[in-house]
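Start counting the sequence shown at 3; every next residue gets the next number (the numbering used here). Ideal Cβ positions, reconstructed from N, Cα and C, are used throughout, including at glycine.
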Amino acid sequence: MRFSGSKLPNWILRIKESSTNGKWQEVISHYHEMRKAGVQTVDVSVFPPVLKAWSFLSHRHGKSLHACLIKQGFDSFTSTGNSIMGFYIRCGDFDIAVDVFNSMRRSRDSVSWNILIHGHLDNGALVAGLWWFTNARVAGFEPNISTLVLVIRACRGLGTKHDGLTLHGYVIKSGFWAISSVQNSLLSMYVDADMECARKLFDEMHEKDVISWSVMIGGYLQWEEPQVGLQIFRTMLLVPGIEPDGVVMASVLKACASSTDVCSGRLVHGLVIHRGFDCDLFVENSLIDMYSKCKDAGSAFKVFNEISQRNNVSWNSMLSGFVLNENYSEAQSLISSMSKEGAETDEVTLVNILQICKYFVQPFHCKSIHCMMIRRGSEANELVLTELKRSKWAHGVAIRQGFASEVTVGTAVVDMYSKCGEICGLKKGLRSTPLEKYSNLECHDCCIWYEWSRS
Numbered sequence: 003m004r005f006s007g008s009k010l011p012n013w014i015l016r017i018k019e020s021s022t023n024g025k026w027q028e029v030i031s032h033y034h035e036m037r038k039a040g041v042q043t044v045d046v047s048v049f050p051p052v053l054k055a056w057s058f059l060s061h062r063h064g065k066s067l068h069a070c071l072i073k074q075g076f077d078s079f080t081s082t083g084n085s086i087m088g089f090y091i092r093c094g095d096f097d098i099a100v101d102v103f104n105s106m107r108r109s110r111d112s113v114s115w116n117i118l119i120h121g122h123l124d125n126g127a128l129v130a131g132l133w134w135f136t137n138a139r140v141a142g143f144e145p146n147i148s149t150l151v152l153v154i155r156a157c158r159g160l161g162t163k164h165d166g167l168t169l170h171g172y173v174i175k176s177g178f179w180a181i182s183s184v185q186n187s188l189l190s191m192y193v194d195a196d197m198e199c200a201r202k203l204f205d206e207m208h209e210k211d212v213i214s215w216s217v218m219i220g221g222y223l224q225w226e227e228p229q230v231g232l233q234i235f236r237t238m239l240l241v242p243g244i245e246p247d248g249v250v251m252a253s254v255l256k257a258c259a260s261s262t263d264v265c266s267g268r269l270v271h272g273l274v275i276h277r278g279f280d281c282d283l284f285v286e287n288s289l290i291d292m293y294s295k296c297k298d299a300g301s302a303f304k305v306f307n308e309i310s311q312r313n314n315v316s317w318n319s320m321l322s323g324f325v326l327n328e329n330y331s332e333a334q335s336l337i338s339s340m341s342k343e344g345a346e347t348d349e350v351t352l353v354n355i356l357q358i359c360k361y362f363v364q365p366f367h368c369k370s371i372h373c374m375m376i377r378r379g380s381e382a383n384e385l386v387l388t389e390l391k392r393s394k395w396a397h398g399v400a401i402r403q404g405f406a407s408e409v410t411v412g413t414a415v416v417d418m419y420s421k422c423g424e425i426c427g428l429k430k431g432l433r434s435t436p437l438e439k440y441s442n443l444e445c446h447d448c449c450i451w452y453e454w455s456r457s
């Protein structure tokens, strides 16, 4: 029994509907119903959703369907070939996807090229993706907007400024310049490479959206010019129709923190409340960090207490704030609260605990930390009252939890041993942060060997 495209049975329509809704198991169920009914369709549009469903559910069955399509001659259709190629890309079989692409010499279209370029770039194969993009242009095929955005991001990720400039010229000549997503991608690329060029591009943009402003604010933060970032934000607030989002607010708060501009920080805090971002956990955590770095731990703690559902970042930001401002008793109380509420312990928590241990002289404090670490599944051998032995215990915890090789933890451990005058422990701390862990030797020299020489 064969049906033409104009007389598609209901279950074929259901295949497409289920695919549109992402219900892949339903797609396969409907397809099996069609096969059990002995129906053969000449409408090749039924195969793309089935192949897509198999890419999520069973690679083996998808490959079997590919074999059937070859046997029936449906693979010669461009839409089917593109779907087969997309199936293998989603499965991670790029070599087979390229083989399918090469077999479509006479039937490939711009969609074929876009699938291959997009697939490589989306899976992190940036060099290969750019190579295919160049070949597509040579062959006279144009990328779609989403692929072009990925190509620009690839240039940004690889740091290839020359390719970025060439791509910028291509964008202008091809008429893609007026598209905001393309403009913002180019802007992000220039922010990483040359802030002066980024600012020139930004000023030339006739229609800037909130992403454009956010990229520029973040860019000045990246280039350690937070005050300029704040100026950009002030200008943004004067533009009609542009409303800052949570990402912008968090970036501005970071700028206030970097420049220790608590006055601007308080103004931004007021804006956060006025715009309703005080329920945004990302923004609230940024407020804690801002007040802490501006030496106002009291305001930071007030924000912390107003958070209804805290995450690890909330706890660690507040703990870091207390340590930064040398409020060690408050830090100890916060650690106890973390233990009671079951907050997770991570590298940042341990770094702060190691810093706190240098200043505690009462056994109660160390016992509280000990209890917290036991509840996290760590086992301390012996907890004694001297500063040195508490440091050794905390170092042991870091080793058991696998954090000792991290540069921040290692630096804190070395700093503790050096202040205690314990050379043997200091050597162990240095051995736990091996040089091969660092791609930048200056980082190791400054953070680790400085502590050694200072002792």
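Straight-line gap, Gly-126 to Asn-23 (C-alpha atoms, nearest Å): In the sequence shown, the residue the question calls residue 126 occupies position 124. In the sequence shown, the residue the question calls residue 23 occupies position 21. Taking the straight line from one Cα to the other gives about 27 Å.
Backbone secondary structure at Ile-337 - three-state DSSP: Within the sequence shown, the letter at position 335 stands for residue 337. DSSP places Ile-337 in helix when its eight states are reduced to three.
Beta-carbon proximity list for Cys-157, same chain, < 7 Å, skipping 5 on both sides: Residue mapping note: residue 157 aligns to position 155 of the sequence shown, counting from 1. Asp-165, Gly-166, Leu-169, Met-191.
Bounding residues of the alpha helix (DSSP H) (the contiguous stretch that carries Asn-84): The residue you call residue 84 lines up with position 82 of the sequence shown. Run containing Asn-84: 80 to 93, per the alpha helix (DSSP H) assignment.
Where Lys-210 falls, given that 16 or more other Cβ within 10 Å makes a residue buried: What you label residue 210 is simply residue 208 of the sequence shown in a count that begins at 1. The residue is buried, with at least 16 neighbouring Cβ atoms inside 10 Å.
DSSP state of Trp-225 mapped onto helix, strand, coil: Along the sequence shown, one-based indexing puts residue 225 at 223. Three-state DSSP puts Trp-225 in coil, outside helix and strand.
Boundaries of the alpha helix (DSSP H) in which Gln-185 is found, first to last residue: Taking the sequence shown and counting its residues from 1, the one referred to as residue 185 is at position 183. First-last of the alpha helix (DSSP H) with Gln-185: 182 to 195.
Ser-335 versus Leu-321, Leu-71, Val-230, residue with shortest Cα-Cα distance: Taking the first residue of the sequence shown as 1, we reach residue 335 at position 333. Considering only alpha carbons, the answer is Leu-321.
Expected contact under 8 Å - CB spacing of Val-212 and Ile-244 to nearest Å: As a working mapping, residue 212 is identified with position 210 in the sequence shown. As a working mapping, residue 244 is identified with position 242 in the sequence shown. Contact holds; Cβ gap of about 6 Å.
Coarse secondary structure for Cys-359, derived from DSSP in three states: Here residue 359 corresponds to residue number 357 of the sequence shown, with the count starting at 1. Reduced to three states, the DSSP call for Cys-359 is helix.
Spatially closest choice to Asn-104 from Ala-138, Arg-92, Asp-124, Cys-93, by CA coordinates: As a working mapping, residue 104 is identified with position 102 in the sequence shown. It is Ala-138.
For Arg-110, three-class secondary structure by DSSP: Mapped onto the sequence shown, residue 110 falls at position 108. If DSSP states are grouped into helix, strand and coil, Arg-110 belongs with coil.
Close-in-space but distant-in-sequence residues of the same chain around Asn-318 (CB under 8 Å, 5 per side omitted): As a working note, residue 318 is residue 316 in the sequence shown. For Asn-318, where only same-chain residues beyond five positions count, the Cβ hits under 8 Å are Asp-348, Val-350, Thr-351, Asn-354.
Beta-carbon proximity of Val-285 to Val-274, cut-off 8 Å: Residue numbering aside, residue 285 sits at position 283 when the sequence shown is read from its first letter. Residue numbering aside, residue 274 sits at position 272 when the sequence shown is read from its first letter. Contact: yes.
Nearest neighbour of Glu-28, chosen from Ala-39, Val-46, Val-52 [CA to CA]: For the purposes of this step, residue 28 is identified with residue 26 of the sequence shown, where counting begins at 1. Of the listed residues, the one whose Cα sits closest to Glu-28 is Val-52.
Host alpha helix (DSSP H) of Val-151 (start-end): One-based indexing of the sequence shown puts residue 151 at position 149. Val-151 -> alpha helix (DSSP H) spans 147 to 160.
Enclosing alpha helix (DSSP H) for Glu-144 [first to last residue]: The sequence position of residue 144 within the sequence shown is 142, counting from 1. Careful: Glu-144 lies outside any alpha helix (DSSP H) and carries neither H nor E.
8 Å Cβ cutoff met for Phe-235 and Val-254: For this step, residue 235 is matched to residue 233 along the sequence shown. For this step, residue 254 is matched to residue 252 along the sequence shown. Yes, Cβ-Cβ distance for Phe-235 and Val-254 is below 8 Å.
Glu-343 versus Arg-312: straight-line alpha-carbon distance, rounded: Locating residue 343 in the sequence shown gives position 341, where the first residue counts as 1. Locating residue 312 in the sequence shown gives position 310, where the first residue counts as 1. Cα-Cα distance, rounded: 10 Å.
Cut-off 7 Å between Cβ atoms - residues of its own chain near Leu-128, not counting five sequence neighbours on either side: Here the question's residue 128 lines up with position 126 in the sequence shown. Result list for Leu-128: Ala-156, Gly-159, Leu-160, in chain order.
Where Pro-50 sits in the DSSP three-state scheme: For the purposes of this step, residue 50 is taken as residue 48 along the sequence shown, with counting starting at 1. Three-state result, Pro-50: helix.
Whether Ile-309 touches Leu-326 by CB criterion (8 Å): If you number the sequence shown from 1, residue 309 lands on position 307. If you number the sequence shown from 1, residue 326 lands on position 324. Going by C-beta atoms, Ile-309 is not nearer than 8 Å to Leu-326.
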